[in-house]
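**Q**
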Amino acid sequence: MSEQTLKRLNKYISDTGLCSRREADKLIEQNRVTINGKIPELGTKVGPNDTVEVDKKRIGAVAKDKSDRVYLVYNKPIGITCTTEHHVKGNIIDAIGHKERIFPVGRLDKPSEGLIILTSDGDIVNKILRAENAHDKEYEVTVDQPVSERFLTKMSRGVPILGTVTKPCTVKQTGRNKFTIILTQGLNRQIRRMCEFLGYEVTKLKRTRIMHLALSNLRPGQWRELTTRELATLNNAVKHSTKTSQEK
41 MSEQTLKRLN KYISDTGLCS RREADKLIEQ NRVTINGKIP ELGTKVGPND
91 TVEVDKKRIG AVAKDKSDRV YLVYNKPIGI TCTTEHHVKG NIIDAIGHKE
141 RIFPVGRLDK PSEGLIILTS DGDIVNKILR AENAHDKEYE VTVDQPVSER
191 FLTKMSRGVP ILGTVTKPCT VKQTGRNKFT IILTQGLNRQ IRRMCEFLGY
241 EVTKLKRTRI MHLALSNLRP GQWRELTTRE LATLNNAVKH STKTSQEK
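Quick note on our numbering: the sequence shown kicks off at 41 and runs consecutively.
(1) I'd like the span of the beta strand (DSSP E) that includes Val145, first residue to last.
(2) Return the chain-ordered list of same chain residues with a C-beta closer than 7 Å to the C-beta of Pro186, the five sequence neighbours on each side being excluded.
(3) Return yes when at least one heavy atom of the ligand MN lies under 7 Å from the C-beta of Arg247, else no.
(4) Less than 8 Å between the CB atoms is what I'm expecting for Leu227 and Lys194, so what's the real figure, rounded?
(5) Can you round the beta-carbon distance between Ile68 and Asn50 to whole angstroms, since I take them to be within the 8 Å contact cut?
(6) Sort out for me which residues DSSP pairs Gly215 with in a bridge.
(7) Could you give the first and the last residue of the continuous alpha helix (DSSP H) run that contains Ile231?
(8) Would you mind stating whether Thr248 and Glu178 have Cβ atoms separated by less than 8 Å?
(9) Take His175 and list the residues in its own chain whose beta-carbon comes closer than 6 Å to its own, dropping the five residues that flank it on each side.
(10) Does any residue of chain C have a CB that is nearer than 8 Å to the CB of Val92?
(11) Given a cut-off of 8 Å on the beta-carbon distance, is the pair Ile53 and Val94 in contact?
(12) Around the C-beta of Ile164, are 16 or more other C-beta atoms found within 10 angstroms, so that it is buried, or is it exposed?
(13) Whole angstroms are fine: how far does the CA of Lys116 sit from the CA of Ser256?
(14) Count the other CB atoms within 10 Å of the CB of Glu265; is the residue buried (16 or more) or exposed (fewer)?
(15) Would you report the Cα separation of Arg62 and Leu82, rounded to the nearest angstrom?
(16) Pick out the complete beta strand (DSSP E) segments inside the region 133-205, 3 residues or longer, and give them in chain order.
(17) Could I get the ranges of all uninterrupted beta strand (DSSP E) runs contained in the region 240-273, with 3 residues as the minimum, in chain order?
(18) Taking Cβ to Cβ, would you say Val242 is nearer than 8 Å to Val183?
(19) What is the rounded straight-line gap between the Cα of Thr56 and the Cα of Asp161?
(20) Identify the residues that DSSP records as bridge partners of Val6: which are they?
(21) State the beta-bridge partners of Glu93 as determined by DSSP.
(22) If we count the other Cβ atoms within 10 Å of its Cβ and call it buried at 16 or more, is Cys235 buried or exposed?
(23) Consult DSSP for Leu223 and reduce its assignment to one of helix, strand or coil.
(24) How many Å lie between Asn166 and Arg48 at the Cα?
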């Protein structure tokens, strides 16, 4: 069998939309995955004629043109948690109620609102989450006191949090206590931590854009499918991804 027709098991599982590659590796390590009835090792490759089962349920390969994949943008309301765990009250999957198995790309804090991508395409999730891609994410932020020039300058140049210094970013004042910020990284609770370091508290945080995808007229709780053009632009933006960043 040609090497080109083989696919690493974790990628095969991820591509089906079941989970990420990292989560697929955990399933393999827990002996919950079989290939043709046998328990495989990490790194095993799968061919087109192999039968792959997870928890004794067969999973199928993704269509070559990914026509069977789902791609959504969702305006997450405050209070919704970005988890696929159904036992968590207010989880994003139950909130959307889509008939297909989907999962969020990255996270948006429970107290935050705004744009998040959800998909059944595990491959594109891995690509979007890779650190060196430097994809823009834009936020509208309200804080508990007037925004100063010193604050804007320090936020834009980088702030020491979580044992590192944040990357330079674009920050613009939009009101007495309001500003927009465009990040190219996604540290845990990054904007809130940056503001806290400078003596400010975030009272409202809304993500309005990820790359070329914007909230537009989506109201909180609403979602829509990506257009053909949006999906093509997204795939083009991530096609050169190579190394996966640490998941948050």
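The beta carbon of each residue, even a glycine, is placed where N, CA and C say it ideally should be.
**A** Let me lay it out:
(1) Counted from its first residue, the sequence shown places residue 145 at position 105. Val145 -> no beta strand (DSSP E), and no H or E assigned at all.
(2) One-based indexing of the sequence shown puts residue 186 at position 146. Same-chain partners within the cutoff: Arg216, Asn217.
(3) Questions concerning the ligand MN fall outside what the structure shown contains, since it holds no ligand whatsoever.
(4) Locating residue 227 in the sequence shown gives position 187, where the first residue counts as 1. Locating residue 194 in the sequence shown gives position 154, where the first residue counts as 1. Not quite, the Cβ-Cβ distance comes to about 16 Å (not below 8 Å), so this is no contact.
(5) The count along the sequence shown starts at 1 and reaches residue 68 at position 28. The count along the sequence shown starts at 1 and reaches residue 50 at position 10. Confirmed, Cβ separation roughly 7 Å.
(6) Here the question's residue 215 lines up with position 175 in the sequence shown. For Gly215, which the question treats as bridged, DSSP gives the partners Lys218.
(7) Position 191 of the sequence shown, counted from the first residue, corresponds to residue 231. Here the alpha helix (DSSP H) through Ile231 covers 230-237.
(8) Locating residue 248 in the sequence shown gives position 208, counting from the first residue. Locating residue 178 in the sequence shown gives position 138, counting from the first residue. Their beta carbons are under 8 Å apart, which means Thr248 touches Glu178 by this criterion.
(9) Counting from one through the sequence shown, the residue named residue 175 turns up at place 135. Excluding residues within five positions, the ones whose Cβ falls inside 6 Å are Met251.
(10) In summary, chain C is missing from the structure at hand, where a single protein chain is found.
(11) Mapped onto the sequence shown, residue 53 falls at position 13. Mapped onto the sequence shown, residue 94 falls at position 54. In this structure, Val94 lies closer than 8 Å to Ile53 by Cβ.
(12) If you number the sequence shown from 1, residue 164 lands on position 124. Result: buried.
(13) Within the sequence shown, numbered from 1, the residue matching residue 256 stands at position 216. Within the sequence shown, numbered from 1, the residue matching residue 116 stands at position 76. Taking the straight line from one Cα to the other gives about 13 Å.
(14) Taking the sequence shown and counting its residues from 1, one reaches residue 265 at position 225. Glu265 should be labelled exposed.
(15) Here residue 62 is taken as the residue at index 22 of the sequence shown, counted from 1. Here residue 82 is taken as the residue at index 42 of the sequence shown, counted from 1. Cα to Cα, the separation comes out at about 11 Å.
(16) 153-159, 177-183
(17) 242-250, 263-265
(18) On the sequence shown, residue 242 is found 202 positions in, with the first residue counted as 1. On the sequence shown, residue 183 is found 143 positions in, with the first residue counted as 1. Going by C-beta atoms, Val242 is nearer than 8 Å to Val183.
(19) Sequence index remark: in the sequence shown, residue 56 carries index 16 (1-based). Sequence index remark: in the sequence shown, residue 161 carries index 121 (1-based). So the alpha carbons of these two residues sit roughly 7 Å apart.
(20) Beyond the ends of the chain as shown, which are 41 and 288, falls residue 6; an answer cannot be given.
(21) Position 53 of the sequence shown holds residue 93. The partner list for Glu93 (beta bridge, DSSP) reads Thr74, Arg98.
(22) To locate residue 235, count along the sequence shown from 1; it is residue 195. Looking at its Cβ environment, which holds 16 or more other Cβ atoms inside 10 Å, Cys235 is buried.
(23) The sequence position of residue 223 within the sequence shown is 183, counting from 1. In this structure, Leu223 counts as strand in the three-state DSSP scheme.
(24) Numbered from its first residue, the sequence shown carries residue 166 at position 126. Numbered from its first residue, the sequence shown carries residue 48 at position 8. One C-alpha to the other measures close to 14 Å.
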